[in-house]
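Asks: Before I ask anything, let me first share the structure, which is written out below as structure tokens.
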């Protein structure tokens, strides 16, 4: 872990209501014998000074945290339950010890520490010019597998939530951010599947190879 990564806080957003999965916690879905969140803890632990799990059901994650060997892990309650990922990002910003945070959604089974490091390097090289580095993969922006500079984002997020603005895309409209596409990651040998997210049972079945249609 180099000096740049030491001031990176990893954030797993796990406060959603999992409606499209019939209430089943997406963080606990399994792939190759391990839950999504176990896979994420391992990957975030490679590059982050600390890891914050933003969740309203702390009991769901306590055993995992107690048994993990991926550094300093804390479970932080969402201050605005039901208001989406931006509220979870606010909770993380208020608790993080790092200068920047790598945010991932709990329904992403293939998160990439290598991708986070590449984005972190871009943020670092830019000095204070960029507030965030956000992937755009196959034409789709991925703000929930991105790196954010906490100091420059925190006040904006606070202001948005105070005025009932809850969309992460609206946050991006107020930030100076750098986009990184699949070619950027390919140059470093990083596959562009790290932001794949699983929202509903059919997608999970496809991930497991139980069905072949695409979404």
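Residue numbers (the working numbering): 2 to 216.
Ideal Cβ placement from N, Cα and C applies to all residues, glycine included.
Because the structure is a prediction, the values reported are computed rather than measured.
Going by DSSP, which residues form a beta bridge with residue 14?
Replies: Within the chain shown, numbered from 1, the residue matching residue 14 stands at position 13. Beta-bridge pairing links residue 14 to 55 and 106.
Asks: Less than 8 Å between C-beta atoms, sequence neighbours within five positions excluded: which residues of the same chain meet that for residue 10?
Replies: Counted from its first residue, the chain shown places residue 10 at position 9. So the qualifying residues of the chain are 49, 50, 51, 52, 53, 93, 97, 98, 99, 101, 102, 103 and 151.
Asks: Excluding sequence positions up to five away, which residues of its chain have a Cβ less than 6 Å from the Cβ of residue 28?
Replies: Position 27 of the chain shown holds residue 28. Closer than 6 Å at the Cβ level, and outside the excluded window around residue 28, lie 15, 37, 38 and 107.
Asks: Excluding the 5 residues flanking residue 154 on each side, which residues of the same chain have their C-beta closer than 6 Å to its C-beta?
Replies: Locating residue 154 in the chain shown gives position 153, counting from the first residue. Here the set comprises 132.
Asks: Please go through the region 62-135 and give each complete beta strand (DSSP E) segment of 3 or more residues, from N-terminal end onward.
Replies: Entirely contained in the region 62-135, the beta strand (DSSP E) runs reaching 3 residues are, in chain order, 73-77 and 101-106.
Asks: Mind checking whether the beta-carbon of residue 162 lies closer than 6 Å to any heavy atom of the ligand PLP?
Replies: By its list of ligands, the structure shown contains no ligand whatsoever, and the ligand PLP lies outside what it can speak to.
Asks: Grab me the residues of residue 209's own chain with a C-beta within less than 8 Å of its C-beta, minus the 5 sequence neighbours each way, in chain order.
Replies: Counting from 1 along the chain shown, the entry for residue 209 is found at position 208. For residue 209, where only same-chain residues beyond five positions count, the Cβ hits under 8 Å are 32.
Asks: From the DSSP output, in three-state form, read off residue 163 for me.
Replies: Reading the chain shown from its first residue, position 162 is the one you call residue 163. Looking at residue 163 - three-state DSSP - the assignment turns out to be helix.
Asks: Got a sec? Which residues, its chain only, sit under 8 Å from residue 162 by beta carbon, not counting five neighbours each side?
Replies: As a first step, residue 162 must be located in the chain shown, where it is residue number 161. Counting only Cβ-Cβ distances below 8 Å, and skipping sequence neighbours, we find 81, 84, 87, 88 and 91.
Asks: Exposed or buried, what is residue 79 when buried is set at 16 or more other beta-carbons lying within 10 Å of its beta-carbon?
Replies: In the chain shown, counting from the first residue as 1, residue 79 sits at position 78. Classification of residue 79: buried, given that the 10 Å Cβ count is 16 or more.
Asks: Helix, strand or coil for residue 30, going by three-state DSSP, please let me know.
Replies: On the chain shown, residue 30 is found 29 positions in, with the first residue counted as 1. Looking at residue 30 - three-state DSSP - the assignment turns out to be coil, as it is neither helix nor strand.
Asks: With residue 201 as the anchor, note down where its alpha helix (DSSP H) starts and where it stops.
Replies: By one-based count along the chain shown, residue 201 stands at place 200. Taken as a continuous stretch (DSSP letters only), residue 201 belongs to no alpha helix (DSSP H), as it is neither H nor E.
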